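Per this note's numbering, the very first residue in the sequence shown carries number 2; after that it's consecutive.
By construction, the Cβ of each residue, glycine as well, lies at the ideal position given by its N, Cα and C atoms.
All values derive from a computational prediction rather than experimental measurement.
Shown next, in structure tokens, is the structure this report addresses.
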Amino acid sequence: MKNKVLLSIIGLLLISLGIMMSITNGKRAQIKQVRKEVSQVNKQQKQVTTQIDNSQTTYNANDQMAKSKLLEFAKAYYTFSSQADYDKRFSKASSILALSKNQKNNLFDSGLDATGGSRIDNLGLTSQYKTATSYTSDLDNQTIEALATVVVKTSGTAQKAINQTILLHGWFDTQTQKLTSIKINQIQ
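This is the structure:
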């Protein structure tokens, strides 16, 4: 009888041990599955973070390029000391511009008066780019809107040199890397 009880106890212990091992193996399988899922989530998070970083890097590079091109335009457009310099403004800026013919004609006039004489040379007009501050807004349909406040020093034969502040408003195409439109407003 003692042997039967002892065998029963040992049998129950072995059955309990088997059940415990079965539960433990089940838990290990669940832990392994959770670790696998966590690893997949970490990989996906890393991919998303990389995509966000790449997007920010691209946007920041285009943002800086838009500012740079608008300031490059301002330097070329507002620096002249003679009719010959005035005539070269478009060729200095043409590599960064993709303007409509109408806008090009409005921005880059000939500098000649009604008689065909040089308004620039006759009046001794000069303009010198001094400084500028530029800003950009959000990227929209591959276009960045850029603003710049530009200070230029202007003078003429019978005029004392003065500083003028001008607001440039440009649109930069990230695909062509060119300014596609420019508006100019003088600030009073």
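- Judged by DSSP secondary structure, Asp-122 falls within the alpha helix (DSSP H) whose first and last residues are 120-124.
- Counting other Cβ atoms within 10 Å of its Cβ, Arg-36 stays below 16 and is therefore classed as exposed.
- Scanning Ala-147, Ser-95 and Ala-30 for the CA closest to the CA of Ala-133 turns up Ala-147.
- Under the DSSP definition of a beta bridge, Ile-167 partners with Val-151 and Gln-187.
- Note that the C-beta distance between Ile-97 and Leu-180 is below 8 Å.
- In the three-state reduction of the DSSP assignment, Ser-96 falls in the helix class.
- Across the structure, Tyr-78 and Lys-102 are spaced so that their CA atoms are roughly 17 Å apart.
- With respect to Gly-157, Leu-126 sits close: the two C-beta atoms are nearer than 8 Å.
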